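Q: Okay, here's the structure, questions in a sec.
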Amino acid sequence: MLNKSSILVIDDEEIIRTSCKKILSPEGYDLELSSNGKDGIKTLQKRPFDLVLADLIMPDMDGIEVLKSVKENWPDTEVIIITGYGTVKTAVEALKFGAYDYIEKPFTPELVLNVVGRCLERKRLLFENLRLKQEIHALYSMENIVGTSMVMQRAFRLIATVAPAGSTVLISGESGTGKELVARAVHYNSPRRDQPFVVVDCGTIPDNLMESELFGHIKGSFTGAVTTQKGLIELANGGTIFFDEIGNLSLPMQAKLLRVLQEKEFRPIGGKNPVKADLRFIAATNNDLEGMVKDGTFRGDLFYRLNVFPIKLPPLRERKEDIPALAHHFLQKYSIETGKEVTHISAEAMKRLILSDWPGNVRELENTIHRAIILCKGKTLRPEYITISDRKEIEDIPKSSEELKEIKKVLRLKSTEDVEKAFLLNALNRNDWNITKAAEDVGMQRTNFQALIKRYKISKSSSA
Amino acid sequence: MNKPRILVIDDEDIVRISCRKCLVPEGYEVDVAASGVEGMRLLDNNSYDVVLTDLKMPDMDGMEVLTKIKQRLPEAKVIIITGYGTVETAVKALKLGALNYIEKPFTPDDLLAAVKEALDGSGRC
Chain G
1 MLNKSSILVI
11 DDEEIIRTSC
21 KKILSPEGYD
31 LELSSNGKDG
41 IKTLQKRPFD
51 LVLADLIMPD
61 MDGIEVLKSV
71 KENWPDTEVI
81 IITGYGTVKT
91 AVEALKFGAY
101 DYIEKPFTPE
111 LVLNVVGRCL
121 ERKRLLFENL
131 RLKQEIHALY
141 SMENIVGTSM
151 VMQRAFRLIA
161 TVAPAGSTVL
171 ISGESGTGKE
181 LVARAVHYNS
191 PRRDQPFVVV
201 DCGTIPDNLM
211 ESELFGHIKG
221 SFTGAVTTQK
231 GLIELANGGT
241 IFFDEIGNLS
251 LPMQAKLLRV
261 LQEKEFRPIG
271 GKNPVKADLR
281 FIAATNNDLE
291 GMVKDGTFRG
301 DLFYRLNVFP
311 IKLPPLRERK
321 EDIPALAHHF
331 LQKYSIETGK
341 EVTHISAEAM
351 KRLILSDWPG
361 NVRELENTIH
371 RAIILCKGKT
381 LRPEYITISD
391 RKEIEDIPKS
401 SEELKEIKKV
411 LRLKSTEDVE
421 KAFLLNALNR
431 NDWNITKAAE
441 DVGMQRTNFQ
451 ALIKRYKISK
461 SSSA
Chain B
1 MNKPRILVID
11 DEDIVRISCR
21 KCLVPEGYEV
31 DVAASGVEGM
41 RLLDNNSYDV
51 VLTDLKMPDM
61 DGMEVLTKIK
71 QRLPEAKVII
81 ITGYGTVETA
91 VKALKLGALN
101 YIEKPFTPDD
111 LLAAVKEALD
121 GSGRC
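Chains as they are written, first to last, in this note's numbering: chain G, 1 to 464; chain B, 1 to 125.
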């Protein structure tokens, strides 16, 4: 498409067809000529063209009719009208019907090349834009939410059902369970996918700024309002607005939000007239909103408006079977991001990941893998690189090689301890707590096995 | 149902008055501005369904008004009205996002039809 763009020239005057050819052929365009509208359309039916140059006044089928036909049947084909009888009326008509430009004869070669060039460049950019949008859609389609467990399958079915419907969705789940990811999946699988997706982070926007953030303000409406600013609701217009941590909204803001939901309009601070709001609402919370309603800290009427289609996301500990897939997903992601080729997770490391309860859920797992990759030497992620915060280990990345050495020492000790302990318990459980059998089962000397049990003070009663 | 709101920006008294005379009886609410600057100020504080603007005005010409409006409010419906219509400016205005371009003198019917077309959204997509 780049330099072999195709152009069809339709003009009843031979001299125009010839001069167009003289001007455009040397530029490498794939050119075809037609002497009347009907033939031109027939040619288009046989093969697509990037651009049609059409004369306005032609017997039989004039330029506007050609334009209308092209736009109806081949909307991606651009049309430029050329005419010796230019009038404001026909120019306006042509542009209204979708012509890219309107050139008056006599024209210079430079003008034609210029207009054609710009037109085709614009087309290329639009195509590129569409391609990128599709990439984004692919990214936020449900394939990118990882999980084959029953609970996730149920969640996927819910997303698939509600996304095209356009109804308000309330996503609940612990912190780090992927609520924003689900909200995006709903948006990108809805008819509003090409419209904006705006996130309102109720957890971080201070109360006193929330109204202005949401509704915008008019210049001068309060001290500090030095310009007119559009609010998030207006920026989202036509698309989807996502309220994250909606339980954090103050009661007065809840009332204002309810009004937008009900009236489908809002007023910027200092504005005289209401502005229409055509939005799809998605909200997320890790609070128990129903409990908050009972306490009086969340409005019941707003809750019922939001709770139209609830989706509950399970904590990671309830879907441990998804941990390997998630871990590999993040392994791939951060390997690429950090440029380090880490392609495997050792069995011991994976065991560690599965054993943890992940109070921070998927986000914590993601951060853990990310850190592990940074610390990792070699292609395999070993348990010593895995630091999980519920064991009150380091949160920060070590900043000097001394720090690194220390941390690695501690980690090596701690992580192998846990894995060893789990390993022993597992072997004993499998063998009815018969130490001889267990030792044989794992291929260890009885004396060694027993020593380990002693070290970890493992006993049947304490392992429950 | 709220009345549709129209903003008319034209430096000539007579145009502002005749637009008002034509549109108000048809159920439109009309605000007027005598200059581009005044028009932009009104747009800051209010929302309009359609904006009609002249091209040749002393302080800020219609093209600049059109450009500025489209920057702030991409979905705004703007119609150019002008006594000095040329193919060049018509093409330029439509490309900048104007929905229509009417030459003066225009009849009340012309004006009403253009406004109605803009409101119906049956203009350009």
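C-beta atoms are modelled at their ideal positions from N, C-alpha and C, and glycine is treated no differently. A quick note: this is a predicted structure, and the numbers were derived from the prediction, not measured.
(1) Check the Cβ of residue 29(B) against every Cβ in chain G and list those closer than 7 angstroms, keeping chain order.
(2) Terminal residues of the continuous alpha helix (DSSP H) containing residue 88(G)?
(3) Going by DSSP in three states, residue 189(G) sits in which element: helix, strand or coil?
(4) Less than 8 angstroms separating the beta-carbons of residue 41(G) and residue 66(G)?
(5) Taking CB distances under 8 angstroms as the criterion, tell me whether residue 235(G) reaches chain B.
(6) Residues in the region 103 to 116 of chain B with C-beta within 8 angstroms of chain G's C-beta atoms, listed in sequence order?
(7) Output, in chain order, the set of chain B residues within a Cβ distance shorter than 8 angstroms of residue 223(G).
(8) Relative to chain G, which residues along the region 77 to 96 of chain B have a C-beta separation below 8 angstroms, given in chain order?
(9) Any C-beta of chain G sitting closer than 8 angstroms to the C-beta of residue 44(B)?
(10) Mark residue 150(G) as exposed unless 16 or more other C-beta atoms lie within 10 angstroms of its C-beta, in which case mark it buried.
(11) At a CB-CB cut-off below 7 angstroms, which residues of chain G make contact with residue 47(B)?
(12) So, helix, strand or coil for residue 330(G), using DSSP?
(13) Please classify residue 394(G): does DSSP put it in a helix, a strand, or coil?
(14) Over the uninterrupted alpha helix (DSSP H) stretch that includes residue 27(G), give me the two end residues.
(15) Residue 280(G) bridges to which residues according to DSSP?
(16) Do you know offhand how far residue 72(B)'s Cα is from residue 57(G)'s?
(17) Write down the C-beta distance between residue 118(B) and residue 91(G) rounded to the nearest angstrom, noting that I regard them as a contact closer than 8 angstroms.
(18) Figure out for me which residue from 372(G), 317(G), 361(G), 318(G) has the closest Cα to the Cα of residue 332(G).
(19) Specify the secondary structure class of residue 216(G) as computed by DSSP and reduced to three states.
(20) Taking 8 angstroms as the CB-CB cut-off, is residue 219(G) touching chain B?
(21) Hey, does residue 104(G) have any beta-carbon neighbour from chain B nearer than 8 angstroms?
(22) Of all Cβ atoms in chain B, is any one closer than 8 angstroms to the Cβ of residue 239(G)?
(23) Would you kindly report the start and end of the unbroken alpha helix (DSSP H) that includes residue 41(B)?
(24) Reducing DSSP to helix, strand and coil, say where residue 310(G) ends up.
(25) What would DSSP say about residue 172(G), mapped onto helix, strand or coil?
(26) What does a CB cutoff of less than 8 angstroms around residue 311(G) pick up in its chain, not counting 5 residues either side in sequence?
(27) At 7 angstroms on the CB atoms, spell out the chain B contacts of residue 55(G), in chain order.
(28) Starting from the beta carbon of residue 95(G), find every residue of chain B whose beta carbon is closer than 8 angstroms, and list them in chain order.
(29) Is residue 285(G) helix, strand or coil by DSSP?
(30) Provide the residue(s) that pair with residue 229(G) in DSSP beta bridges, ordered along the chain.
(31) Can you tell me which of the three DSSP states residue 47(G) falls into?
(32) Can you tell me which of 23(G), 27(G), 195(G), 237(G) puts its alpha carbon nearest to the alpha carbon of residue 214(G)?
(33) Taking 8 angstroms as the CB-CB cut-off, is residue 91(G) touching chain B?
(34) So, at 6 angstroms on beta carbons, what are the nonlocal neighbours of residue 115(B) in its own chain, with the 5 sequence-adjacent residues on each side left out?
(35) Would you report the Cα separation of residue 277(G) and residue 263(G), rounded to the nearest angstrom?
(36) Just the C-alpha distance for residue 148(G) and residue 141(G), rounded to the nearest angstrom, thanks.
A: Per the coordinate set shown:
(1) Within chain G, no residue comes near residue 29(B); the closest Cβ sits about 10 angstroms away, beyond 7 angstroms.
(2) 88 to 96
(3) coil
(4) yes
(5) no
(6) 103
(7) Simply none; closest approach about 18 angstroms.
(8) 85, 86, 87, 90, 91, 94, 95
(9) yes
(10) exposed
(11) 273, 275
(12) helix
(13) Note that residue 394(G) scores 45 on pLDDT, short of 50, meaning its location in the model is unreliable and no value can be drawn from it.
(14) First-last for residue 27(G): undefined, no H or E at that position.
(15) 240(G)
(16) 39 angstroms
(17) So it is not a contact: roughly 18 angstroms between Cβ atoms.
(18) 372(G)
(19) strand
(20) yes
(21) yes
(22) no
(23) 36 to 45
(24) strand
(25) strand
(26) 155, 158, 159, 162, 169, 170, 171, 172, 182
(27) The premise fails here: residue 55(G) is roughly 15 angstroms from chain B at the closest Cβ pair, so nothing lies under 7 angstroms.
(28) 90, 91, 94, 95, 124
(29) strand
(30) 217(G)
(31) coil
(32) 237(G)
(33) yes
(34) 50
(35) 9 angstroms
(36) 15 angstroms
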